[in-house]
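The block underneath contains the structure these notes are about, expressed in structure tokens.
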Amino acid sequence: MAKQKNKIQAAVELGLVKALIAILGVLPFRTARRFGGRLGVFFHDVVGIRVKHARAELLRAFPDKTEQWAARTVRQVYRHFGMVAVEQVLMPKMNPIIENYVHVDQASVERLREVHAKNRGIFMVSCHMGNWENIMGLMIKKGYKITGVSANQANEGIDALLDRNREAVGVEVMKRGEAASGIVRAVKNNKIIATMLDQDAGSEGVFVPFFGRLASTSRGVATITLRLNAIVMLMKTWRDENDDIQVRLLDMDYVSTGDFQEDVVGMTTVMTANIEQWIRERPGQWLWLHRRWKTRPPEEQAESQAFAG
692 MAKQKNKIQA AVELGLVKAL IAILGVLPFR TARRFGGRLG VFFHDVVGIR VKHARAELLR
752 AFPDKTEQWA ARTVRQVYRH FGMVAVEQVL MPKMNPIIEN YVHVDQASVE RLREVHAKNR
812 GIFMVSCHMG NWENIMGLMI KKGYKITGVS ANQANEGIDA LLDRNREAVG VEVMKRGEAA
872 SGIVRAVKNN KIIATMLDQD AGSEGVFVPF FGRLASTSRG VATITLRLNA IVMLMKTWRD
932 ENDDIQVRLL DMDYVSTGDF QEDVVGMTTV MTANIEQWIR ERPGQWLWLH RRWKTRPPEE
992 QAESQAFAG
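Counting in our numbering, the sequence shown runs from 692 upward without gaps.
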């Protein structure tokens, strides 16, 4: 769970967000989204939170690139997530016209229909790239029941506001770390569970390769899939040249070994490898600000302690 902010800071931030929503709400959606992109660039250029961290992570992931490339890419990251923020806070306003801004290819629509007919529950696995939020509203408009797994935000008021937006378009919201029984129930009811697999999972995660380094990754999707015979579909999303969101749903190519623990690691590795490939294609649209490699494997920690001693 995210560390909560003090009440005064939280109240000021929530007030600013509500004021921004009121202003953005009277603008045409594309104008509001462009404003979000410019606001993101402003935060990059003037505020600069985690800019150095993001550049360093980019250069570790792409060692053949230059510092100038990393600097340009991080600026793109801020622009992109400025637009994502606007798309999230205006979700209820955007949803009635969402087909104008979020585009799913026909092959994905047909494949989802085939998979959903198997009545086994679907994990729709994505990452912090493109826009993973608004797609849930689009799927609900197409007649599917969606359960969204979200992390707690440091600001409780903003967290509640975002959850209300999700619920306003029909998403059943569950919080990460508190959602196991609810997710099991959703799978058994043949719902689609939208979740992301690209954040540090702490000591509870399983370590799999991600950009050449081991990264702690949630084992939940693989564990529940294997136990309940659910289906995993990979949801690739990206922002196109018009700043609209493109979506492609893909089958996960994994053959079970029959060993439960080995399959948890193997399945999580395959999902993470797909996510890495998507990010490599468009590094300016992924959340490099996140401390993805914060948790280290026990053997690395033991080596560090032995060296320090």
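Even for Gly, the Cβ is constructed at its ideal location relative to N, Cα and C.
Source: prediction; values computed, not measured.
Could you tell me the distance, in whole angstroms, from the CA atom of D935 to the CA atom of D950? 42 Å
Just to confirm the assignment, what range does the beta strand (DSSP E) spanning I936 have? 936 to 942
Closest Cα partner of W929 within the set A745, M785, V795: V795 is the residue among A745, M785, V795 whose C-alpha sits nearest the C-alpha of W929.
Is I883 helix, strand or coil by DSSP? strand
If you reduce the DSSP assignment to three classes, tell me which class A877 lands in. DSSP places A877 in helix when its eight states are reduced to three.
Nearest to R910 by CA position, among M830, K832, E895, is which residue? E895
Counting Cβ pairs, one atom from each stretch, are 3 or more of them under 8 Å apart for the segment 813 to 823 and the segment 919 to 927? Touching, per the Cβ criterion.
Would you mind stating whether N791 and V860 have Cβ atoms separated by less than 7 Å? no
On the premise that V738 lies in contact with F975, defined as a C-beta separation below 8 Å, what is that separation, rounded to the nearest angstrom? In the sequence as displayed, the identity of residue 975 is Gly instead of Phe. Actually they are not in contact, since the Cβ atoms of G975 and V738 sit about 19 Å apart, beyond 8 Å.
Which residue wins for smallest C-alpha separation from S907, given the options T914, G828, Q890? Q890
Could you tell me the distance, in whole angstroms, from the CA atom of I837 to the CA atom of M774? 23 Å
What does E863 pair with, by DSSP beta-bridge criteria? T838
Does the beta-carbon distance from K746 to A723 come in below 7 Å? Before going on, a small fix: residue 746 reads as Arg here, not Lys. Going by C-beta atoms, R746 is not nearer than 7 Å to A723.
A997 (DSSP reduced to helix, strand or coil): At A997 the pLDDT is 49, less than 50, meaning the model places this residue with poor confidence and gives no usable figure here.
Element boundaries [alpha helix (DSSP H), containing W969]: 951 to 972
T928 bridges to which residues according to DSSP? V938
By alpha-carbon positions, which one of M820, D944, V765 ends up nearest to G731? V765
Give the range of the beta strand (DSSP E) segment to which I815 is assigned. One point to set straight first is that residue 815 is Met, not Ile, in the sequence displayed. Looking at the DSSP string, the run of the beta strand (DSSP E) that includes M815 is 813 to 817.
Unbroken beta strand (DSSP E) runs of length 3 or more, entirely within the segment 782 to 831: which are they? 793 to 795, 813 to 817
How many angstroms separate the CA atom of F678 from the CA atom of R987? An answer regarding residue 678 cannot be provided, because it is not within the stretch 692 to 1000 covered by the chain.
Just to confirm the assignment, what range does the alpha helix (DSSP H) spanning F902 have? Run containing F902: none; DSSP gives neither H nor E here.
With distances taken between CB atoms, is the gap from G839 to V806 smaller than 7 Å? no
Terminal residues of the continuous alpha helix (DSSP H) containing Y769? 758 to 780
Range covered by the alpha helix (DSSP H) that runs through A747: 742 to 752
Extent of the continuous alpha helix (DSSP H) to which L980 belongs: Segment: none, L980 is in no alpha helix (DSSP H) and carries neither H nor E.
If you run the structure through DSSP and keep just helix, strand and coil, what is V946? coil
Taking only the alpha-carbon atoms, compute the straight-line gap between L749 and K756 and give it to the nearest angstrom. 9 Å
Can you say whether N846 is buried or exposed, counting buried as having 16 or more other CB atoms within 10 angstroms of its CB? buried
If you draw a straight line from the alpha carbon of M943 to that of L980, how long is it in whole angstroms? Annotation: M943 to L980 spans about 27 Å, alpha carbon to alpha carbon.
Using C-beta distances below 6 Å, list every residue in its chain close to I883, excluding the 5 sequence neighbours before and after it, in chain order. Within its own chain, the residues whose Cβ lies closer than 6 Å to the Cβ of I883, once the five positions on either side in sequence are excluded, are I813, M815, Y835, I837, listed in chain order.
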